[in-house]
Amino acid sequence: MRDGFIKVAAGTPEIRVADCRHNAEACFTLMREAAKQGVKVLVLPELCLTGYTCGDLFLNDTLLQGAEDALATVLEATRNLDMITALGLPVRNKWDNKLYNCAAVIHKGTILGLVPKTALPNYGEFYEGRWFASGQGVECYIPLCGQDVDLCARQLFGCTTMPNLVIGVEICEDLWGTQPPSGLLAAAGATVMLNLSASDEVVGKAEYRRALVTGQSARLVCGYVYADAGEGESTTDMVFTGHNLIAENGALLGERRFACGLTVSEIDVDRLVYERRRMNTYAASKDAMEIGRVNFDLEREETHLTRRFSPTPFVPEDSTDRAERCDEILKIAALGLKRRLEHTHASAAVVGLSGGLDSTLAILIAAVAMKLLDRPASDIIAVTMPCFGTTDRTRDNAVELAGRLGATLKRIDIGEAVKQHFKDIGQSMDNHDVTFENGQARERTQVLMDIANQCGGLVVGTGDLSELALGWATYNGDHMSMYGVNASIPKTLVRHLVAFVAGDKVAEDPRLSHVLEDILDTPVSPELLPAVGGEIAQRTEDLVGPYELHDFFLYYIIRWGFPPRKVFRLAEQALGDRYDRAVILKWLKNFYRRFFAQQFKRSCLPDGPKVGSVTLSPRGDWRMPSDASARLWMEELETLN
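Take 1 as the starting number for the sequence shown in the UniProt record's numbering and just add one per residue.
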């Protein structure tokens, strides 16, 4: 339960139609198994204590009493389980002489509430209206298993020991309607929705059901646990496959079909609450405020994480998805640049081409933009500016890349200009400090700006999102441009974008593909220190840390607002096989330190297109004072040593 994670499960017991005693045993056996796995919230199928396919037997008092006795058996057998369970049964209401299809929400032998189904299908193979009444508008206390229980569809179940865990319940067809109860329940604060279902299987329905569950979890920004009926239901006219689903805010966390048993995962309720707080359009209605809440306690325990966290959250792991993402990003960024070139009537896109990954991506985006404008690639002015740290490899790759793209190439050696500048300010050439490095970066930016002025062009920035987060840019040097096409693209994604183009161009232009592959193999470096034996002397990741780690930190800190302890825990979960605990902690501390200290650079960024869910534009997604203190975050990190 630490860090907002709650272990949940959808269970499908193997039942016998109308054999309530057997079904009770099947249910509490599955509940005990779930408890052994650390599950704290379990949902079982609709009418599982009787079977969904009892037909006219639902009107028989013998079956109804058997269902109540079965519930009493389950309550007694699980009174020591510290777990919330929702399971289905038919319930008589003596006050209105109606029968309701209900979810009983139970905890440690107590029935916390009864939630009746409101949408009763009476079409196709379904005849629920023949036996049951809708629970819409019903609210009363009824006796059940020796307890007075609230029968009401408009109620929530809140955990006092984990305040962000608030449970709402709906039953099968309720989700299929135009206004599912889950919408109102979520608006009233429910973060985890449970659905007890008996949805029969026909060709194509599983895909629709999956889309419905994941879509509702996204729409409501909630966790959604869906338990379906399975083996044991009558196959007179239908087949049930136990299609169980667990989703969180549009992501499918777990799925099981054609089998009885448990589907288990963990839902992050803190993440859901953060997202709702961030979205100011997520507002409660007056009706939602009137929904009642029943409180319960769960013992606070460590939640063992079984769900997987991608080590590259910005990069899809599936090759097909990755290729589609890369193609989309290139088009979005190119459209942004296209519009800026049109609006400014720029005669050229001026790109400082170093032979590194970032400038390579920038010129590739510029090439796409020129195609969209139906302008020649020669309207791209690629400027290579060798200096003290430039190697033959990067210089030659820059020249070859510009040539293969058809860009206009300018080679301007800035060494003498930098030496003169150092002489003017009294900087020794033997002192390779920050002034030595930044002087070169600022000279390059001055050259690019002046060339743009000469030709009426626009300087295209090359800095990426990861560098902006770390402040790994020279203020008024590579930090500045007239339009930054890479500004919301993290370094790990930059690499895949260049690789995507390399693969895409292999048949059309093998030489272009070859030079892109060599750029991908070149160590990431600003090349601001003199080369050693013709090789790069300065490797960025040795200085600021692995971009793989920093992009992971960036995603969970900025996109989800996770605290340091939780970011560290997830980094260990996702990347612990590649980096040990001390290394992860070292670079996480470095990330926070640099992120707070370097905000002043982000506060005056040039324009650039947003392409993903994370960006640090001071005009868009990230507004932060440049002199904010990092103390609270750094103190929490110190507790992790």
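Ideal placement from N, C-alpha and C gives every residue a C-beta, glycine not left out.
On a predicted model such as this, the values are computed, not experimentally measured, just so you know.
Check                                                                                                     : Outcome
Assumed close pair V105, L144 - CB separation to whole angstroms, cut-off 8 Å                             : Actually they do not touch by this definition, with Cβ atoms about 12 Å apart.
Cβ-based neighbour list, L156, same chain, cut-off 8 Å, excluding 5 preceding and 5 following             : V166, I167, G168, L185, A188, G189, A190, I291, G292, R293, V294
Limits of the unbroken alpha helix (DSSP H) element including T360                                        : 357-372
Check whether F500 and C326 have beta carbons under 8 Å apart                                             : yes
As assigned by DSSP and simplified to three states, the class of T53                                      : coil
Given T474 as reference, the closest of D518, R444, V239, D396 once Cα atoms are compared                 : R444
Nearest-angstrom beta carbon gap, T73 and A24 [assumed within contact, 8 Å]                               : 4 Å
For P90, the first and last residue of its enclosing beta strand (DSSP E)                                 : 84-93
Opening and closing residue of the alpha helix (DSSP H) in which R395 lies                                : 392-405
Validate contact between the stretch 338-347 and the stretch 506-522 using beta carbons, cut 8 Å, 3 pairs : no
F600 burial status per 10 Å Cβ neighbour count (16 or more: buried)                                       : exposed
Minimum length 3: unbroken beta strand (DSSP E) runs contained in the stretch 150-187                     : 155-159, 166-171
Proximity below 8 Å, CB of E128 to CB of N101                                                             : yes
C-beta atoms of S603 and P618 nearer than 8 Å                                                             : yes
Pair within 8 Å by beta-carbon distance, G356 and V524                                                    : yes
CA nearest to the CA of V460, picked from E467, W472, N486, R442                                          : N486
Anticipated Cβ contact below 8 Å, V43 with L151, distance rounded                                         : Not confirmed; about 19 Å, so no contact.
Segment contact, 8 Å Cβ cut-off, at least three pairs: the stretch 216-234 with the stretch 44-51         : yes
Per DSSP, cross-strand counterpart(s) of C102                                                             : L89, P116
Contact between the stretch 477-485 and the stretch 436-455 (3+ Cβ pairs under 8 Å)                       : yes
Option nearest A571 by Cα separation, candidates F309, T178, E275, N590                                   : F309
Rounded Cβ spacing between S265 and V8 (contact assumed at less than 8 Å)                                 : 6 Å
Alpha-carbon spacing of T62 relative to A35, whole angstroms                                              : 32 Å
Range of the contiguous alpha helix (DSSP H) that encloses S319                                           : 319-344
Test item: CB-CB of D551 and S466 under 8 Å                                                               : yes
Cβ pair F5, D268 closer than 8 Å                                                                          : yes
L585 versus V532: straight-line alpha-carbon distance, rounded                                            : 31 Å
Local conformation of G461 per DSSP, three classes                                                        : strand
DSSP-derived helix/strand/coil call for A349                                                              : strand
Cutoff 6 Å; reference T615; Cβ partners in own chain excluding five residues on either side               : S488, D621
Proximity below 8 Å, CB of L252 to CB of R210                                                             : yes
Beta-bridge partners of L96, as assigned by DSSP                                                          : Note on identity: in this sequence residue 96 is Asp, with Leu being the wrong assignment. Partner(s): none; D96 has no beta bridge.
C-beta contact flag for A26 and L57 at 8 Å                                                                : no
DSSP beta-bridge partners of R623                                                                         : Bridge partners of R623: none, in fact.
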